[in-house]
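Residue numbers (my numbering): 1 to 326.
First the structure, in the form of structure tokens, and then the observations on it.
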């Protein structure tokens, strides 16, 4: 796919077509983001993109994958971790954010193929899942239930709020029943957890969460980029202690080692999210990764059977295989 600016000076209409096409095809903005950035209606953006293709400003070329490298990576990951369902995307981007945008776009229909009407679908939160929701196809699954599977981050950026992501998923999937977790993801002590679980609404949701059919967990790094540290839910001392205990990161805010085992039972008891056994028991647990720093917790999750459907870009797939062999 290419965008042709041509050798002559563009008129105003041609410049607008070029700008909208560049934002959509090269910068990976979706139509809603372009609409907001340029002050255009979404139907107008859609018409401009169609016009850009008609006028030859956008040229789309579909090429076969080079030498089967992507399929070879998929087979190696399947063999290494005993997975059946792996999608490796050929991403040309070295930048993690662009690689993730490209991978999520291809992962959305892949993941959607594992959903059935009537499923209990568990959704965590985070930038990856927000972008995934934006790329889902609109369908109707009226018998399904959407469940938030990790408590809230009160101080986080609004794009990470679980309520927004759950709402996006329910709208795209045509699900009428959705349940959020009205509590923090980590509390000060296990007594507070017990009190929260005595609330009938929360206990009912937690019981459903631990019986989901398909889960979309988030995977977090063990560094100062970790959202729990950034928002004050764990201290610097606790972060350092997790390092010393052998943690490589977290899945649904539960900190694990390279074998996918809980490293700090005390912290885990204060965490309100789907349990590891529930992730293992789900029919499918789906993860999308396009960043080398998330490879260690991903490896732990794969080894422990906490993820069984994986979408990953080719660059990170190479890192995953190299890390797993060390």
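Cβ coordinates follow ideal geometry from the N, Cα and C atoms, glycine included.
Note that the structure is a prediction, hence the values are computed from the model and not measured.
> Looking only at DSSP bridge pairs, what is residue 273 linked to?
Replying inline: Position 273 of the chain shown, counted from the first residue, corresponds to residue 273. In the DSSP assignment, residue 273 forms a beta bridge with 150.
>> To the nearest angstrom, how far is the alpha carbon of residue 238 from that of residue 20?
In response: Position 238 of the chain shown holds residue 238. Position 20 of the chain shown holds residue 20. Taking the straight line joining both Cα atoms gives about 46 Å.
> Could you give the residue range of the beta strand (DSSP E) that holds residue 249?
Replying inline: As a working mapping, residue 249 is identified with position 249 in the chain shown. Run containing residue 249: 249–251, per the beta strand (DSSP E) assignment.
> For residue 174, which of helix, strand or coil comes out of DSSP?
Replying inline: Residue mapping note: residue 174 aligns to position 174 of the chain shown, counting from 1. The answer is coil: DSSP assigns residue 174 none of H, G, I, E or B.
>> Only counting the same chain, and skipping five residues up and downstream in sequence, which positions put a Cβ closer than 7 Å to that of residue 32?
In response: Stepping through the chain shown from its first residue, residue 32 is reached at position 32. Correct list, in chain order: 42.
>> I'd like the list of long-range same chain contacts for residue 175, defined as Cβ closer than 8 Å, with 5 residues on each side in sequence excluded.
In response: Numbered from 1 along the chain shown, position 175 holds the residue referred to as residue 175. Within the same chain, residue 175 has close Cβ partners 121, 141, 142, 144, 145, 146 and 169.
> Would you call the region 270–284 and the region 180–187 touching, i.e. three or more CB-CB distances under 8 Å?
Replying inline: Touching, yes, given that three or more Cβ pairs across the two stretches are closer than 8 Å.
>> Mapping the DSSP letters down to three states, classify residue 126 as helix, strand or coil.
In response: As a working mapping, residue 126 is identified with position 126 in the chain shown. DSSP places residue 126 in coil when its eight states are reduced to three.
> What residue range is occupied by the uninterrupted beta strand (DSSP E) comprising residue 71?
Replying inline: Translated into positions along the chain shown, residue 71 becomes position 71. Unbroken run through residue 71 is the alpha helix (DSSP H), 69–81; no beta strand (DSSP E).
>> So for residue 65, helix, strand or coil by DSSP?
In response: On the chain shown, position 65 is the one that residue 65 refers to. Interpretation of residue 65 is limited by its pLDDT of 47, a score under 50 that renders its predicted location unreliable; the figure taken from the coordinates is listed afterwards. If DSSP states are grouped into helix, strand and coil, residue 65 belongs with coil.
> So, are the CB atoms of residue 136 and residue 172 less than 7 Å apart?
Replying inline: Position 136 of the chain shown holds residue 136. Position 172 of the chain shown holds residue 172. Yes, these two residues count as a Cβ contact at 7 Å.
> From which residue to which residue does the alpha helix (DSSP H) around residue 13 run?
Replying inline: Along the chain shown, read from residue 1 onward, the residue named residue 13 stands at position 13. Where residue 13 is concerned, the enclosing alpha helix (DSSP H) stretches over 12–21.
> DSSP beta-bridge partners for residue 85?
Replying inline: Locating residue 85 in the chain shown gives position 85, where the first residue counts as 1. DSSP lists 309 as partners of residue 85.
> Grouping DSSP H, G and I as helix and E and B as strand, with all else coil, what is residue 373?
Replying inline: Lying before the first or after the last residue shown, residue 373 is absent from the chain, which here runs from 1 to 326.
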